[in-house]
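Position in the sequence shown counted from 1, then plus 6, gives you this note's numbering. Here a beta-carbon is modelled for each residue, glycine too, at the ideal position from N, C-alpha and C. Just so it is clear, the structure is predicted and the values come from calculations on it, not from any experiment. One structure is given below, encoded as structure tokens.
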Amino acid sequence: VVIAIIGMLTSIVLVSMGGARKKARDAKRQADLRQISSAMEMCYDDPNCAGPERYIATSAGINTVTQIDTDGNPLYLRVPCDPLGCNVGYRWTSNTSPYQYYCVFAQSESEANTWYCASNKGVMKKTASGYTPSNTDCCGVDVTR
7 VVIAIIGMLT
17 SIVLVSMGGA
27 RKKARDAKRQ
37 ADLRQISSAM
47 EMCYDDPNCA
57 GPERYIATSA
67 GINTVTQIDT
77 DGNPLYLRVP
87 CDPLGCNVGY
97 RWTSNTSPYQ
107 YYCVFAQSES
117 EANTWYCASN
127 KGVMKKTASG
137 YTPSNTDCCG
147 VDVTR
């Protein structure tokens, strides 16, 4: 009887912790995006990183940028994996010469239709149904302007 009661209590606790775990992973995503944004800004100001007054080149897709730097000296940041794993990853949009913008984003687990974005315009959050961030709307701003 005691073992059955402990098993029931354990299952109740585990089920109730699901929402808290999702919120914790979302908090980690937001912190990661703030770190990415800070590293990109430091790289922009360093002529030895990506070039004079420009961001590193990015191509569209998951995990297309693995580090914020071009030569590894100094290495500003190794881009972390998403809390669910590197196969999920943070998604980037592609930027083009003269590399004056970027947009990296992740979808929220705890809030439906919500995205977290970091760009040359800052770190933001947007909720919209059927939405995917782009250069012309990276969580509410056009990063190319």
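Three-state secondary structure assigned by DSSP to residue i
i	result
residue 127	coil
residue 144	coil
residue 38	helix
residue 103	coil
residue 60	coil
residue 21	helix
residue 55	coil
Cβ-based neighbour list, residue i, same chain, cut-off 6 Å, excluding 5 preceding and 5 following
i	result
residue 10	none
residue 70	98
residue 2	Residue 2 is absent from the model: the chain starts at 7 and stops at 151.
For residue i: DSSP bridge partner residues
i	result
residue 132	121
residue 91	88
residue 83	74
residue 110	98 and 124
residue 68	97
Residue i versus residue j - alpha carbon distance
i	j	result
residue 48	residue 146	23 Å
residue 62	residue 46	8 Å
residue 74	residue 142	23 Å
residue 3	residue 87	Any answer about residue 3 is impossible in this case: the structure gives the chain only from 7 up to 151.
residue 40	residue 122	10 Å
residue 59	residue 76	14 Å
residue 42	residue 14	42 Å
Proximal residues to residue i (C-beta, below 7 Å), its chain only, five neighbours per side dropped
i	result
residue 119	133, 134, 135 and 137
Residues near residue i by beta carbon distance below 8 Å, same chain, minus five either side
i	result
residue 144	99, 109, 111, 123, 125, 127 and 130
If you pair each beta-carbon of the stretch 43–55 with each one of the stretch 76–91, do three or more pairs fall below 8 Å? By the criterion of at least three beta-carbon pairs nearer than 8 Å, the stretch 43–55 is in contact with the stretch 76–91.
Quick one: any contact between the stretch 11–27 and the stretch 98–113, if contact means 3 or more CB pairs under 8 Å? Contact between the stretch 11–27 and the stretch 98–113 is absent, with fewer than three C-beta pairs closer than 8 Å.
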